[in-house]
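Residue numbers (my numbering): 180 to 618.
Structure record follows, encoded as structure tokens.
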Ligand SMILES: [Zn+2]
């Protein structure tokens, strides 16, 4: 049995890998400059010409691009924005973001993009121990959610038997695990835990199932040691972290059987870790914002996409022999968007909606997540502030907690501060402060 899906590329010496990255980066900048008015305007503004990219470090001259900028571009030039860099005859699939934080950002996979995504997804599945004889029960959504398709295509290419259940119908998942004896499950960690809970309720011993591998992703930052342990015990499997995001694409990083971090697919993606404010590159091992560049994507390439996900990066050799860099610990949190707390997911906007129902409170709020040192239990506190010193109702904290519970599905602590105590920003308010200790 081969150790790798594609030995040549997965074990390519790093200097050769970097040479390939530079060659592909130059190709990508060149075509973005000439074929996309969106990128051309940005590069011209930064005074960068394609021929200025002489080394991988020169990528720093290119401005980063955010989801907000893509969204604005798309609204000005519907339906796809001018960041599409492929002829319509080459388009394969439309993949919008989920839209949970606003208008979905549309991306397109060209036919060659589909082939590349299929190929590297097969590679990362193999890295986690999946083999052609496996029965893959795909619990990632197939409906406008990138990983559903990529796992399906990759499993098909590998020659696996696929049960395309998707992210609903827990009953069917339970049935197929028992009756068809799936050996691999893919799902979000919370859906994986939900399936484990249902198995327990139905009295199914996970050790009696054929399930041996679980790949969990799509929530960013949930693959903590304790989550992994719960998934592994509850489902009787080895659990692996897999990563992707709508704007960049699915399944582009996954743990190998060493379970020591997300291995990136570095022949297709250039990974940077930047300081959240200065946007300067951080040394290996330092936590910063993950910024990703498409080296091969044809249809909607991203040059330095600011993911808002925190990670570290290292190119230290992995015992598995793969030369591609890793992010130990996976995604270490998100700078904005979704909050995951005690199994519930919510967005700052939901807190905002509650806070702003109360005229006694100002517009400001902050969500603080921390780990209590004594118990190791996570705690979520919503900090709000009085609008003024007048009209304070003493029972307001209790009412707020009740409203938050209904809106978020979990009950945070609520603390009302003096008017004006929370920091104001003119750009984008930082609503979430995640100080939780990750194991
Ligand atoms: Zn490895």
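Ideal Cβ placement from N, Cα and C applies to all residues, glycine included.
Residue side-chain check: residue 497 places its Cβ nearer than 7 Å to a non-hydrogen atom of ligand 1. With 16 or more other CB atoms across the displayed protein chains lying within 10 angstroms of its CB, residue 406 is buried. Ligand 1 has no heavy atom closer than 7 Å to the beta-carbon of residue 451. Burial state of residue 347 is exposed, judged by a 10 Å Cβ sphere holding fewer than 16 other Cβ atoms. Annotated three-state conformation of residue 472 is strand, per DSSP. Straight through space, the alpha carbons of residue 422 and residue 471 are spaced by roughly 13 Å. Annotated as distal: residue 371 and residue 345, with beta-carbon spacing of 8 Å or more.
Here residue 223 is exposed, its C-beta having fewer than 16 other C-beta atoms within 10 Å. One thing to note: residue 290 has its Cβ within 8 Å of the Cβ of residue 271.
Placement of the Cβ of residue 435 at a distance of less than 7 Å from at least one heavy atom of ligand 1 is found. Note on geometry: alpha-carbon atoms of residue 560 and residue 521 lie some 13 Å from one another.
Look at residue 259 here: in three-state DSSP terms it is coil, with no helix or strand label.
With a minimum length of 4 residues, the unbroken runs of alpha helix (DSSP H) contained wholly in the stretch 252-328 fall at 290-306. Distance from the CA atom of residue 357 to the CA atom of residue 379, rounded to whole angstroms, is 13 Å. For residue 485, the beta-bridge partners assigned by DSSP are 470. Inclusion of residue 501 in the 7 Å shell around ligand 1 follows from its C-beta lying nearer than that to a non-hydrogen atom of the ligand. Considering only 388, 426 and 430, the residue with the shortest C-alpha distance to residue 416 is 388. Exclusion of residue 473 from the 7 Å shell around ligand 1 follows from its C-beta lying no nearer than that to any non-hydrogen atom of the ligand. The alpha-carbon of residue 229 is positioned some 50 Å away from that of residue 349.
Within the stretch 356-389, the complete beta strand (DSSP E) runs of at least 3 residues fall at 363-366. In the displayed model, residue 232 falls within coil according to three-state DSSP, outside both helix and strand. As far as DSSP is concerned, residue 568 takes part in no beta bridge. Exposed is the label assigned to residue 354, since fewer than 16 other Cβ atoms lie within 10 Å of its Cβ. Between residue 329 and residue 336, the alpha-carbon positions lie close to 11 Å from each other. Judged by beta-carbon spacing, residue 426 lies beyond the 8 Å limit of residue 265, meaning their Cβ atoms are not closer than that value. As a beta-bridge residue in DSSP terms, residue 559 pairs with 548. Burial of residue 413 is indicated by the presence of at least 16 other C-beta atoms within 10 angstroms of its C-beta. Residue 537 sits in coil when the DSSP states are folded into three classes, being neither helix nor strand. At a cut-off of 7 Å, the beta-carbon of residue 442 counts as near ligand 1: some heavy atom of the ligand is closer than that. Excluding five sequence positions before and after residue 475, the CB atoms of its chain that fall closer than 7 Å to its own CB belong to 203, 295 and 447, given in chain order. Excluding residues up to 5 positions away in sequence, 264 lie with their Cβ nearer than 7 Å to the Cβ of residue 214 in the same chain. Of the candidates 331, 616 and 488, the residue whose Cα lies closest to the Cα of residue 554 is 616. Residue 186 counts as exposed, since fewer than 16 other C-beta atoms from the protein chains shown sit within 10 angstroms of its C-beta. Excluding sequence positions up to five before and after residue 396, its CB lies within less than 6 Å of the CB of 421 and 422, all in the same chain and listed in chain order.
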